[in-house]
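Peer 1: In this note's numbering, the protein residues as written are 1284 to 1626. Can you keep this structure in mind? I'll have questions shortly.
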């Protein structure tokens, strides 16, 4: 795996974070790069914790499927069954899972970059519950935090316990995720976020409840993926249903296949995965390549663009794509890489 180390040293010297690659469940590459805090020169290690931002959405989606498996809910259930004060008509749990609800992105309503404003999930709900839908439920894809935020609220009502307690008890513990937690908790070895090398303060975690508030390590995320693949968190039928394509989104020269808590990608064979970005400068990416039985996990604490066609927020996905080129000996043209980014 010297080629992978050389890639980071020679082509991505500004990358800061940890990377884990596994083949058929066995870790074949696990390295830390850069600094946990650019100001104090503390180095990242394999034990460094990072906010995983939108990878949290996979955990919340899986929790919903656990409740479905126990016949506590149906994906066809309407939102107002669990949140009766909602003004949204025709929105189901399935629409929330595949981001086709048409509900407004609450980040357009509140200031997510402020530590003021909404201080708890109920306050956010009060701000959005009477808003008009932007599209007919099930007709248009729009990936936003509101959908998963509402899934977390539904989970709490059904499970009769706080979202974080549920995830800790039903997912972290069974998966052996001993180094994972949530934003706002006193966690050691926590990386500091940076944007283009400039240190950022950690924003209000209430604004990412259920959709971006998990903190973890590459090792723990690998543990999760192994348990997920072995059907230890869901039975096989539920796992297959979670991975079933529930919406096909037409793009410029392509079609996006969207499941529940996963997106499909067909670059180096067929993969399911998710990417995340955090306003404080954290990036994340994980993907499971079905054809090559390989997983790639990337956590970073320095948001920077790596290509002219990248924004600073999709650098982790760029690196995952380039690692795939090395691992699977499948070179992509600049045009192919550009098309991956076109939304």
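Beta carbons: idealized from backbone N, C-alpha and C, even for Gly. Because the structure is a prediction, the values reported are computed rather than measured.
#1: Can you give the beta carbon distance from residue 1530 to residue 1383, rounded, assuming they're within the 8 Å contact cut?
#2: Drop a sphere of 10 angstroms on the beta-carbon of residue 1305, count the other beta-carbons inside from all chains shown, and report buried for 16 or more, exposed for fewer.
#3: Could you tell me if residue 1389 is buried or exposed, where buried requires 16 or more neighbouring beta carbons within 10 angstroms of its beta carbon?
#4: Under the assumption that residue 1316 contacts residue 1482 (Cβ atoms under 8 Å), give the Cβ distance between them as a whole number of angstroms.
#5: Where residue 1350 and residue 1391 are concerned, what is the direct C-alpha to C-alpha distance, given to the nearest angstrom?
#6: Can you have a look at residue 1584 and say buried or exposed, based on whether 16 or more other CB atoms are within 10 angstroms of its CB?
#7: State the Cα-Cα distance for the pair residue 1580 and residue 1567, rounded to the nearest angstrom.
#8: Once DSSP output is grouped into helix, strand and coil, what is the label at residue 1553?
#9: Check whether the Cβ atoms of residue 1540 and residue 1303 sit closer than 9 Å, and answer yes or no.
#10: Quick one: grab the DSSP three-state call for residue 1512.
#11: Give a yes or no on whether the C-beta atoms belonging to residue 1319 and residue 1559 are separated by under 9 Å.
#12: Quick one: which unbroken alpha helix (DSSP H) runs of 4-plus residues sit fully inside the region 1457-1512? Chain order, please.
#13: Can you name the residues that DSSP bridges to residue 1320?
#14: Among 1379, 1527, 1345, which has the Cα closest to the Cα of residue 1360?
#15: Please tell me whether residue 1547 and residue 1437 are closer than 9 Å, where the distance is taken between their beta carbons.
#16: Report yes if the CB atom of residue 1446 is closer than 9 Å to the CB atom of residue 1604, and no otherwise.
#17: Counting only runs of 4+ residues fully inside the region 1349-1388, write out the alpha helix (DSSP H) ranges in chain order.
#18: Using the Cα positions of residue 1588 and residue 1595, report the straight-line distance between them to the nearest angstrom.
#19: Quick one: grab the DSSP three-state call for residue 1586.
#20: Quick one, which of 1334, 1518, 1405 has its alpha-carbon nearest residue 1582's?
#21: Please classify residue 1456 as buried or exposed, where buried requires at least 16 other C-beta atoms within 10 Å of its C-beta.
#22: Around the C-beta of residue 1625, are 16 or more other C-beta atoms found within 10 angstroms, so that it is buried, or is it exposed?
#23: Consult DSSP for residue 1404 and reduce its assignment to one of helix, strand or coil.
#24: For residue 1301, which residues does DSSP report across the bridge?
#25: Report the option in 1479, 1414, 1297, 1465 whose CA atom is closest to the CA atom of residue 1369.
#26: Along the chain, where does the beta strand (DSSP E) containing residue 1532 start, and where does it finish?
#27: In this structure, how does DSSP classify residue 1568 when only helix, strand and coil are distinguished?
Peer 2: Concretely, from the data shown:
#1: The count along the chain shown starts at 1 and reaches residue 1530 at position 247. The count along the chain shown starts at 1 and reaches residue 1383 at position 100. The Cβ separation is near 5 Å, so the contact holds.
#2: Here the question's residue 1305 lines up with position 22 in the chain shown. Looking at its Cβ environment, which holds 16 or more other Cβ atoms inside 10 Å, residue 1305 is buried.
#3: Residue 1389 sits at position 106 when you count from the first residue of the chain shown. A buried status is given to residue 1389, since no fewer than 16 other beta-carbon atoms sit within 10 Å of its beta-carbon.
#4: Position 33 of the chain shown, counted from the first residue, corresponds to residue 1316. Position 199 of the chain shown, counted from the first residue, corresponds to residue 1482. Their Cβ separation, rounded to whole angstroms, is 17 Å, which puts residue 1316 and residue 1482 out of contact at 8 Å.
#5: Walking along the chain shown from the start, residue 1350 turns up at place 67. Walking along the chain shown from the start, residue 1391 turns up at place 108. Roughly 30 Å between the two C-alpha positions.
#6: To locate residue 1584, count along the chain shown from 1; it is residue 301. Looking at its Cβ environment, which holds 16 or more other Cβ atoms inside 10 Å, residue 1584 is buried.
#7: As a first step, residue 1580 is located in the chain shown; it is residue number 297 there, counting from the start. As a first step, residue 1567 is located in the chain shown; it is residue number 284 there, counting from the start. Cα-Cα distance, rounded: 8 Å.
#8: For the purposes of this step, residue 1553 is taken as the residue at position 270 of the chain shown. The answer is strand: DSSP assigns residue 1553 an E or B state.
#9: If you number the chain shown from 1, residue 1540 lands on position 257. If you number the chain shown from 1, residue 1303 lands on position 20. Residue 1303 sits away from residue 1540, with the two beta carbons spaced by 9 Å or more.
#10: The residue you call residue 1512 lines up with position 229 of the chain shown. Three-state DSSP puts residue 1512 in a helix.
#11: Numbered from its first residue, the chain shown carries residue 1319 at position 36. Numbered from its first residue, the chain shown carries residue 1559 at position 276. In this structure, residue 1559 does not lie closer than 9 Å to residue 1319 by Cβ.
#12: Scanning the region 1457-1512 from its first residue to its last, the whole alpha helix (DSSP H) runs of 4-plus residues come out as 1501-1512.
#13: For the purposes of this step, residue 1320 is taken as residue 37 along the chain shown, with counting starting at 1. DSSP output for residue 1320 lists 1325 as bridge partner(s).
#14: Start at 1 with the first residue of the chain shown, and residue 1360 comes out as number 77. Looking at 1379, 1527, 1345, the one whose alpha-carbon comes closest to that of residue 1360 is 1379.
#15: Within the chain shown, the letter at position 264 stands for residue 1547. Within the chain shown, the letter at position 154 stands for residue 1437. Contact flag unset, no.
#16: For the purposes of this step, residue 1446 is taken as the residue at position 163 of the chain shown. For the purposes of this step, residue 1604 is taken as the residue at position 321 of the chain shown. For residue 1446 and residue 1604, no; Cβs fall outside 9 Å.
#17: Fully contained in the region 1349-1388 are the following alpha helix (DSSP H) runs of length 4 or more, in chain order: 1376-1380.
#18: As a position in the chain shown, residue 1588 is number 305, starting the count at 1. As a position in the chain shown, residue 1595 is number 312, starting the count at 1. Distance between residue 1588 and residue 1595, taken at the CA atoms: about 4 Å.
#19: For the purposes of this step, residue 1586 is taken as residue 303 along the chain shown, with counting starting at 1. Here residue 1586 sits in strand by DSSP.
#20: The residue given as residue 1582 occupies position 299 in the chain shown. Closest by alpha carbon: 1334.
#21: If you number the chain shown from 1, residue 1456 lands on position 173. By the neighbour-count rule (16 or more Cβ atoms within 10 Å), residue 1456 is not buried but exposed.
#22: As a first step, residue 1625 must be located in the chain shown, where it is residue number 342. Here residue 1625 scores only 40 on pLDDT, less than 50, and its place in the model should not be relied on; the value that follows carries that caveat. Label assigned to residue 1625: exposed.
#23: Within the chain shown, numbered from 1, the residue matching residue 1404 stands at position 121. Of the three classes helix, strand and coil, the one that applies to residue 1404 here is helix, per DSSP.
#24: Within the chain shown, residue 1301 is the residue found at index 18, counting from 1. In DSSP, residue 1301 forms a bridge with 1315, 1582.
#25: If you number the chain shown from 1, residue 1369 lands on position 86. Residue 1369 has its Cα closest to that of 1414, out of 1479, 1414, 1297, 1465.
#26: Residue 1532 sits at position 249 when you count from the first residue of the chain shown. First-last of the beta strand (DSSP E) with residue 1532: 1530-1533.
#27: Taking the chain shown and counting its residues from 1, the one referred to as residue 1568 is at position 285. It is a strand residue.
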